[in-house]
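Protein chains in written order, with the working numbering: chain A, 16 to 141; chain B, 112 to 328; chain C, 7 to 311.
Think of the CB as a built atom: it goes at the ideal place given N, C-alpha and C, for glycine as much as any other residue.
Nothing here was measured: the structure is a model prediction, and the numbers come from that model.
Presented below is the structure to which this report refers.
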Amino acid sequence: MFERLDPRSPTPLYAQIAERLRAAIVTRELTPAEALPSVRQLAASLRVNPATVVQAYRELEAEGFIEMRQGAGTYVREVSPSQRGAERERQATELVRKLLTDAARLGLSVREVTAAVERELGEKVR
Amino acid sequence: MFRAILYQQWKWTRLIVALGTVAAFAIPLFSLRSSSTAMDHKMAAQFLADVQSWGVLYPTLAGALGVLLAIALWAPDHRGRHVYSLTLPLPRWRYVCLRYLAGLTLLAAPVLAVALGAGLASLTASLPTGLHAYPVGLAIRFALAAVVAFTLFFAVSSGTARTAGAILGAIAALVVLQVLISASGSETNILMPVLNALLVAPGPFAIFTGRWMLVDV
Amino acid sequence: MSDFAVEISHLTYRVKRAFALEDLSLRIPTGSIYGFLGPNGSGKTTTIRLVLGLLRPESGGITVLGHAIPAEAPAALAGVGYVPEAPHLDPTLTVSEAIWFHSHFYPTWDAAWAGRLVRDFELDPRRLFGKLSKGQKGKLMMLLALAQRPRLLVLDEPTDGLDPVVRRDMLSALLDYVSAHEATVFISSHLIHELERICDWVGVMDNGRLVADVEMERFKTGMKRLKVSKCPRDLTPLPFRVLTRTPLNGNGGETWLVRDWAPEMAAALTAAGGEIQEVIDLDLEEGFVELLRSFRTRRPEAADV
């Protein structure tokens, strides 16, 4: 799950970790009530600052994906369908945003990008 | 802490201590092997001369043990392990004291060996009337000589390499100075007074000079 | 407990005629992992030696865990785990003897932790230290430092020159310890990408001076390469620092290396009459290299750092 964690990326490490966990929870790779590794275990195995793991877990807790039970560990929460839908929408938006930013940097027009999307999908984009 | 330092010092010096202990035990026994109760004057004199020539080995062994032990204790530090001892959480002077005490503890083995060997030799030797054995005195003298040699070279070795070099340099300078003085034709002798001060009582090295007799009149 | 595990103030130290540490001030927040970067010869190891009381400063003050150095060095060192660049243990002792020896000097010694690390690091207890491989020596040094249960870990290039597997094992053990105990870490290394993962503060040394001393995130996100298609005439009102400027394409455009950038500052640049074509992120290594390179290039327009 945490392969290719890239400290060189402009995305902070805690955000990368949170992203992976969020995606895993939404796709049910991590099931509700499943225990996540402790801060200590994850920090040691990923070789990152424990504060980074804490920050990632806190963000996920604030978003409602996990709960940190005092002294009992960290567990995945049940994700409602609307939450899942919102998260998928967010992921898609992120992808498109990145695509459009890169395209702008390369000087490609919207029409050229859309044409490429249609070609790859093999069908017309509405 | 002392136990740990002692163990480490033992590992560094065990060959020296072992050999020294064996030698220290053997010398008294060898020195008295030709004893017999029936000795006339001439034979007794020869016997005592024998004892005296064996006796030279005592100060030699004491000096050698003191020097070698002191150098062996500090050589690894000079070779670069100073950083380790300097980052240990105890003041430098305490560390040096523990090292010194460890060295003295290691010296106890050959000293005891001399005492045991001399005692054994005295008990098993057959001495004519008029000759007495002095094992205790001999052992004490050996102990003191070893301690003096060890303390001196420990002090020199525990300093930096620069200090040791300075001391040797000072000695060399004295010798060179004497050579120059003599070469200029002057009769002045600066080395003799220095040597006298060191070797004649109450100088520090006086204990090494003289006769070392396990058996005497 | 003090806010800072290590406080260096106005430290001066001269190494013959080579270089000098001049008026160095640095503070390591308690509980942080502080990365110490800099080219060889910049004074990192000298600073570490001064902090440990191995060298005596000419002027200035050092406080470690609340104790003045070098006056109260033994008291401070009782809480400091040190992993040096060159393993410096006695080669005539075995692994278990070396551990046994070390344990006598630290009242907070954790024998169980030491035993666990011997297993995790796969060290043979009966092997002589002198016969260990480079990686195994490094692991043993890390083991000794961690088993002391220190409040401050000082690591001088602990994994440089070691193979990736050993580096992972050592870093995992370090972070495991830091997660389980309240400890501050002061680590110097050339392996910038390792530091990038674990440090929350970074200090950069160059030629005896501390040229950066800031949170890791701020350093990374603050260093940017800007492609400026139109340059303002006057750079002084800009809220960020311009380190170097190089011509871009002959149309008056330039590439700027800037420091202390934040996204909101784009407006300030536009207001000053400039126009940004692109903002390029730099990772820690690029930022560090560019920062030092900017000192080497003496351009008259370069802002004084």
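> Around the C-beta of Val-101 of chain C, are 16 or more other C-beta atoms found within 10 angstroms, so that it is buried, or is it exposed?
Replying inline: buried
> Going by the C-beta, is Pro-243 of chain C closer than 7 angstroms to any heavy atom of the ligand ADP?
Replying inline: In terms of ligand content, the structure shown is empty, and the ligand ADP therefore cannot be addressed.
>> To the nearest angstrom, how far is the alpha carbon of Asp-206 of chain C from that of Pro-90 of chain C?
In response: 22 angstroms
> Under 8 angstroms between the Cβ atoms of Leu-159 of chain C and Gly-85 of chain C?
Replying inline: With contacts defined by Cβ atoms closer than 8 angstroms, Leu-159 of chain C and Gly-85 of chain C do not form a contacting pair.
> Based on Cα-Cα distance, which residue from B:Val-328, B:Gly-321, B:Asp-327 lies nearest to Leu-168 of chain B?
Replying inline: With distances taken between CA atoms, Leu-168 of chain B lies nearest to B:Gly-321 out of B:Val-328, B:Gly-321, B:Asp-327.
> How would you label Lys-230 of chain C, buried or exposed, when you count the other beta carbons within 10 angstroms and need 16 or more for buried?
Replying inline: buried
>> Assuming Met-303 of chain B is part of the alpha helix (DSSP H), what are its boundary residues?
In response: 302-310
> Can you tell which of B:Leu-126, B:Val-259, B:Gly-248 has the C-alpha that lies nearest to the C-alpha of Ala-317 of chain B?
Replying inline: Comparing Cα-Cα distances from Ala-317 of chain B to each of B:Leu-126, B:Val-259, B:Gly-248, the minimum goes to B:Val-259.
> At a Cβ cut of 7 angstroms, what residues of the segment 192-204 of chain C count as close to chain A, listed as they run along the chain?
Replying inline: His-199, Glu-202, Arg-203, Ile-204
> Mind pulling the chain C residues with CB within less than 8 angstroms of Ser-124 of chain A?
Replying inline: Per Cβ cutoff of 8 angstroms: no residues; Ser-124 of chain A is ~18 angstroms from chain C at best.
> How would you label Asp-310 of chain C, buried or exposed, when you count the other beta carbons within 10 angstroms and need 16 or more for buried?
Replying inline: Its pLDDT being 43, under 50, Asp-310 of chain C is placed unreliably in this model, and the value from its coordinates should be taken loosely. The residue is exposed, with fewer than 16 neighbouring Cβ atoms inside 10 Å.
>> Closest to Gln-98 of chain A by C-alpha separation, out of A:Ile-81, A:Leu-123, A:Gly-86, A:Ser-124, would be which residue?
In response: A:Ile-81
> Between Met-83 of chain A and the rest of its own chain, which residues show a CB-CB distance below 7 angstroms, the 5 nearest in sequence each way excluded?
Replying inline: These residues qualify, in order along the chain: Tyr-72, Glu-76, Thr-89.
>> Taking the alpha helix (DSSP H) that Val-184 of chain C belongs to, which residues open and close that run?
In response: 170-186
> Do you know how far the Cα of Leu-143 of chain B is from the Cα of Ala-224 of chain B?
Replying inline: 16 angstroms
> On the premise that Val-68 of chain A lies in contact with Val-54 of chain A, defined as a C-beta separation below 8 angstroms, what is that separation, rounded to the nearest angstrom?
Replying inline: 5 angstroms
> Per DSSP, which one or two residues make a beta bridge with Ile-116 of chain B?
Replying inline: Paired residue(s): none; Ile-116 of chain B is not in a bridge.
> Quick one: Cα of Arg-387 of chain B to Cα of Phe-113 of chain B, how far?
Replying inline: Chain B is shown only over 112 to 328; residue 387 of chain B falls outside these bounds and no answer can be derived.
> Mind checking if Ala-153 of chain B is an interface residue toward chain C, Cβ cutoff 8 angstroms exclusive?
Replying inline: The question names Ala, yet the displayed sequence has Lys at residue 153 of chain B. Chain C, which has no Cβ nearer than 8 angstroms to the Cβ of Lys-153 of chain B, makes this no.
> Considering only the beta carbon of each residue, do Ala-181 of chain B and Gly-131 of chain B sit closer than 8 angstroms?
Replying inline: Cβ distance not < 8 angstroms, so Ala-181 of chain B and Gly-131 of chain B don't count as in contact.
> Taking a cut of 9 angstroms between CB atoms, which residues from the segment 185-211 of chain B lie near chain C?
Replying inline: Pro-187, Gly-191, Arg-192, His-193, Val-194, Tyr-195, Leu-197, Thr-198, Leu-199, Pro-200, Leu-201, Pro-202, Arg-203, Arg-205
> Does the Cβ of Glu-270 of chain C have 16 or more other Cβ atoms within 10 Å, making it buried, or fewer, making it exposed?
Replying inline: Looking at its Cβ environment, which holds fewer than 16 other Cβ atoms inside 10 Å, Glu-270 of chain C is exposed.
> Quick one: what's Phe-25 of chain C bridged to in DSSP?
Replying inline: C:Val-21
> Under a three-way DSSP split, which group does His-73 of chain C fall into?
Replying inline: strand
>> Report the start-end ranges of each beta strand (DSSP E) in the segment 101-172 of chain C that is 3 residues or longer and not cut off at the edges.
In response: Those beta strand (DSSP E) runs which fall completely within the segment 101-172 of chain C and span 3+ residues are 158-162.
> Nearest chain C C-beta to Met-150 of chain B closer than 8 angstroms, yes or no?
Replying inline: no
> Listing by chain order, which chain C residues have their CB less than 9 angstroms from the CB of Trp-123 of chain B?
Replying inline: Asp-96, Thr-98
> In chain order, what residues of the same chain lie with their CB nearer than 6 angstroms to the CB of Glu-284 of chain C, ignoring the 5 residues before and after it?
Replying inline: The answer, listed in chain order, is Lys-233.
> Among all the DSSP beta bridges, which residues are the ones paired with Asp-212 of chain C?
Replying inline: C:Arg-215
> What residues in the segment 154-186 of chain C bring their beta carbon closer than 7 angstroms to a beta carbon of chain A?
Replying inline: Arg-174, Leu-177, Ser-178, Leu-181, Asp-182, Val-184, Ser-185, Ala-186
> First and last residue of the alpha helix (DSSP H) that includes Arg-224 of chain C?
Replying inline: 222-228
> Where does Arg-6 of chain C sit, in a helix, a strand or coil, going by DSSP?
Replying inline: Given that chain C is displayed from residue 7 to residue 311, the structure contains no residue 6 of chain C and the question cannot be resolved.
> In chain order, which beta strand (DSSP E) runs of at least 3 residues are fully inside the segment 34-91 of chain A?
Replying inline: Entirely contained in the segment 34-91 of chain A, the beta strand (DSSP E) runs reaching 3 residues are, in chain order, 81-84, 88-91.
>> Quick check on DSSP: helix, strand or coil for Ser-24 of chain A?
In response: coil
> Does the beta carbon of His-110 of chain C sit closer than 8 angstroms to a beta carbon anywhere in chain B?
Replying inline: Chain B, which has a Cβ nearer than 8 angstroms to the Cβ of His-110 of chain C, makes this yes.
>> Please identify the residue among C:Leu-263, C:Leu-61, C:Leu-56 whose C-alpha is closest to the C-alpha of Arg-251 of chain C.
In response: C:Leu-263
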